[in-house]
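**Student:** Below are the structure tokens for one structure; questions will follow.
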Amino acid sequence: MNEKKKTLTFAGVAAALLLLAFITAPRRVTPSAFNDQGQPFFADFKDPLAATSLEVIDYDEATGSARPFKVLLKDGKWTIPSHNDYPADGKDRLAKTAASVIDIKKDDFRSDNIADHEACGVVDPLDETAASLKGRGKRVTLKGGSEQVLADFIIGKEVEGREGFRFVRVPGQKRVYAVRMNIDISTKFSDWIESDLLKVNKDDIKQVVLKDYSIDERRGLVNQRDVVVLDKKDSDWVANKMSSSEEVDKTKINDFLTTLDGLSIVGVRVKPAGLSQNLEKLSEGVMLTQADVMSLQSKGYYFTPNGQLLSNEGELEALTKDGVKYTLRFGEIVYGQGEAVSAGTETSEADIAQGPGENRYLFITTSFDPKQLPPEPKKPRNTDFLTKADSLWTDADRENKKIHDEYEAWQKNIEKGRNLSNELNARFAKWYYVISAASFDKLHLQRRDLVKAKAAKTS
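For the sequence shown, counting from 1, position 123 maps to 126 in the working numbering; every step adds exactly one.
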């Protein structure tokens with residue numbers, strides 16, 4: 004081979020090696036990948052109070068299905084559409100979430116490669132074209148008025164070795180970022196609702212009545228076991244039919260009252276329209292519809308021939324010093340898990356087998372009994388003092404003023420109790436509630452649970 008050919012051969016080999024090196028060398032991230040680093044994800048979203056809806060889409064790999072949860076401002080009220088528009092205690096929580104979203108920034112660029120999405124856990128949970136069920140993230144969408152999208156992003160896995168960082172991607176974009184975030188985005192129904200269901204203070208409860216019975220549905224019989232009446236005397240409680248050698252267990256009654264005070268729910272079911280109004284008018288001859296009766300029976304509530312409403316597992320009454328009487332009726336067991344419990348999505352036999360009966364229906368009503376307040380005081384002989392200057396009052400005027408003030412205070416207390424009962428009934432009217440087994444066990448008590456033998460006195 005002559006020198007010229009050798010030179011050409013070496014040049015060709017060198018060119019080939021150079022091309023191979025270019026192809027196989029690790030690719031460097033181009034400077035443009037860092038152009039938006041440190042910038043906010045949603046620069047136009049600045050006012051957290053502008054958000055009028057939040058939707059979170061989670062993904063259940065076990066069932067291969069997306070699980071949506073939404074909180075929405077509707078007709079001036081915050082509601083949860085998936086739960087029959089149950090009222091949400093959402094304004095402050097959503098504003099806090101929105102403020103956290105405004106704060107998230109594109110801290111670190113991680114990848115522009117679609118193949119990395121699964122490993123980062125940022126596959127769109129709504130993407131039906133993705134082959135794998137794995138690696139799907141949580142999609143969060145905040146909207147304002149006129150359905151304007153304020154923020155829309157997918158939260159992926161935690162970034163290994165970087166506490167407080169998660170992978171984040173905007174739907175429709177390939178780029179993945181590592182983002183520092185502290186956003187509490189719960190999809191639990193119980194986290195978005197008013198936690199104080201009964202709005203009762205345990206110290207205001209002066210009497211409790213436990214109607215201990217159950218219904219034998221097959222034979223149509225009521226098993227009446229006992230009626231326990233507990234009255235508060237100063238700081239102690241006494242029970243009916245209690246002997247001199249017995250006393251009410253202070254720990255048990257306190258646990259009971261604490262549970263009532265802080266009673267929370269795990270689910271709701273909407274009642275048929277007008278059911279509560281029809282129940283209130285039964286004494287006036289108003290008849291329940293067949294749909295009303297079927298709805299009640301499906302939840303464990305039945306009518307006797309004389310029109311009395313009974314519950315599968317008895318009921319309790321709690322009377323307050325304001326004259327408001329709460330009646331809590333315990334119905335059927337609620338089977339299933341997740342939304343099968345919280346929203347009443349269809350429950351299959353498999354759900355019943357998988358999800359133990361850890362919950363129970365609860366039907367709540369209130370009434371007002373003015374007799375529980377002090378008796379009506381006497382009225383003043385006249386109110387002439389109202390048209391006189393204080394300096395011109397006679398002794399009779401001063402006495403009439405005192406009597407007038409006492410009567411007015413009594414009237415206000417009557418009005419307060421009646422208004423509270425009406426307000427509570429309006430709140431409870433639309434819903435069957437679902438409570439946890441733990442709450443049921445603490446409220447569904449018998450005499451033996453509350454009354455114990457007095458401890459022997461030591462000499």
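Think of the CB as a built atom: it goes at the ideal place given N, C-alpha and C, for glycine as much as any other residue.
In chain order, which continuous runs of the alpha helix (DSSP H) of length 4 or greater are located wholly inside the segment 175–202?
**Tutor:** none
**Student:** Return the residue from the list Glu318, Pro71, Asp92, Asp95 that minimises the CA-CA distance to Tyr216.
**Tutor:** Considering only alpha carbons, the answer is Glu318.
**Student:** On a CA-only basis, which of Leu200, Gly265, Leu278, Ile208 is nearest Leu551? Give me that one, please.
**Tutor:** The structure shown does not extend to residue 551, since the chain is modelled only from 4 through 462, so no value can be given for it.
**Student:** Would you call Asp127 buried or exposed, if buried means 16 or more other Cβ atoms sit within 10 Å of its Cβ?
**Tutor:** buried
**Student:** Leaving out five residues before and five after Glu161 in sequence, what residues of the same chain have Cβ atoms less than 6 Å from its Cβ?
**Tutor:** Arg169
**Student:** For Trp413, which of helix, strand or coil comes out of DSSP?
**Tutor:** helix
**Student:** So, do the segment 175–190 and the segment 95–105 have three or more beta carbon pairs nearer to each other than 8 Å?
**Tutor:** yes
**Student:** I believe Ile336 touches Phe431 by the beta-carbon criterion, under 8 Å. Please report the beta-carbon distance rounded to the nearest angstrom.
**Tutor:** No, Ile336 and Phe431 are not in contact; Cβ-Cβ is about 21 Å, not under 8 Å.
**Student:** Take Ala54 as the anchor and find which of Trp81, Ile196, Lys255 has the nearest alpha-carbon.
**Tutor:** The shortest Cα separation from Ala54 among Trp81, Ile196, Lys255 belongs to Trp81.
**Student:** Would you kindly work out how many angstroms separate the C-alpha atoms of Gln375 and Asp234, rounded to a whole number?
**Tutor:** 13 Å
**Student:** Check whether the segment 247–258 and the segment 445–457 are in contact - that is, three or more C-beta pairs closer than 8 Å.
**Tutor:** By the Cβ test, the segment 247–258 is in contact with the segment 445–457, since at least three Cβ pairs between them sit closer than 8 Å.
**Student:** If I follow the unbroken alpha helix (DSSP H) through Lys453, where does it start and stop?
**Tutor:** Per the sequence shown, residue 453 should be read as Leu rather than Lys. It spans 450–453 - the alpha helix (DSSP H) in which Leu453 sits, taken as one unbroken run.
**Student:** Just to confirm the assignment: which complete beta strand (DSSP E) runs, minimum length 3, are found wholly within the segment 96–121?
**Tutor:** 111–114
**Student:** Look up Leu213 in the DSSP assignment and give the residues it is bridged to.
**Tutor:** Val231, Leu319
**Student:** Who are the Cβ neighbours of Ile417 in its own chain at under 7 Å, not counting the five residues just before and after it?
**Tutor:** Pro373, Leu376
**Student:** For Lys141 versus Gln40, is the C-beta distance shorter than 7 Å?
**Tutor:** no
**Student:** Which word fits Pro29, buried or exposed, when buried means at least 16 other C-beta atoms lie within 10 angstroms of its C-beta?
**Tutor:** The pLDDT assigned to Pro29 is 41, lower than 50, so where the model puts this residue is not dependable; a value taken from the coordinates is nonetheless given after this. Counting the other Cβ atoms within 10 Å of the Cβ of Pro29 gives fewer than 16, which makes it exposed.
**Student:** Assuming Trp434 contacts Val271 (C-beta within less than 8 Å), just tell me the rounded distance between them.
**Tutor:** Trp434 to Val271, Cβ: 5 Å. Contact.
**Student:** Considering only the alpha carbon of each residue, which of Thr66, Ala102, Ala122 lies closest to Ala46?
**Tutor:** Ala102
**Student:** Which residues in the same chain as Phe371 place their Cβ atom closer than 7 Å to its Cβ, once the five residues preceding and following it in sequence are excluded?
**Tutor:** Only Gly326, Val327, Gly420, Arg421, Ser424 meet the Cβ criterion.
**Student:** Out of Leu136, Leu52, Ile107, Pro84, point me to the one whose CA is closest to Glu64's CA.
**Tutor:** Leu136
**Student:** How is Lys274 classed by DSSP in three states: helix, strand or coil?
**Tutor:** coil
**Student:** Out of Ala399, Lys73, Leu266, Leu213, which has the shortest C-alpha to C-alpha gap to Phe388?
**Tutor:** Ala399
**Student:** Since His447 contacts Phe306 with CB under 8 Å, what's their CB separation in whole angstroms?
**Tutor:** With 8 Å as the limit, His447 and Phe306 do not qualify as a contact, their Cβ atoms being about 22 Å apart.
**Student:** Could you tell me how far apart the beta carbons of Leu213 and Val231 are, in whole angstroms, since I believe they sit closer than 8 Å?
**Tutor:** 4 Å
**Student:** Since Lys445 and Glu249 should fall inside the 8 Å C-beta cutoff, what is the C-beta to C-beta distance between them, to a whole number of angstroms?
**Tutor:** Contact doesn't hold; Cβ gap of about 21 Å is too wide.
**Student:** If you reduce the DSSP assignment to three classes, tell me which class Asp47 lands in.
**Tutor:** coil
**Student:** Would Gly303 and Tyr364 qualify as a contact pair, given that the criterion is a beta-carbon distance under 7 Å?
**Tutor:** yes
**Student:** Using DSSP with H/G/I as helix, E/B as strand and the rest coil, what is Arg139?
**Tutor:** Strand at Arg139.
**Student:** I need the boundaries of the beta strand (DSSP E) containing Lys328, first residue and last residue.
**Tutor:** From DSSP, the beta strand (DSSP E) with Lys328 extends over 327–337.
**Student:** Spatial neighbours of Asn243 within its chain, please: C-beta separation below 6 Å, excluding the five flanking residues on both sides.
**Tutor:** Val232
**Student:** Helix or strand or just coil, what does DSSP make of Thr386?
**Tutor:** coil
**Student:** I'd like the ranges of any alpha helix (DSSP H) spanning at least 4 consecutive residues and lying wholly in the segment 392–449.
**Tutor:** 398–431, 440–446
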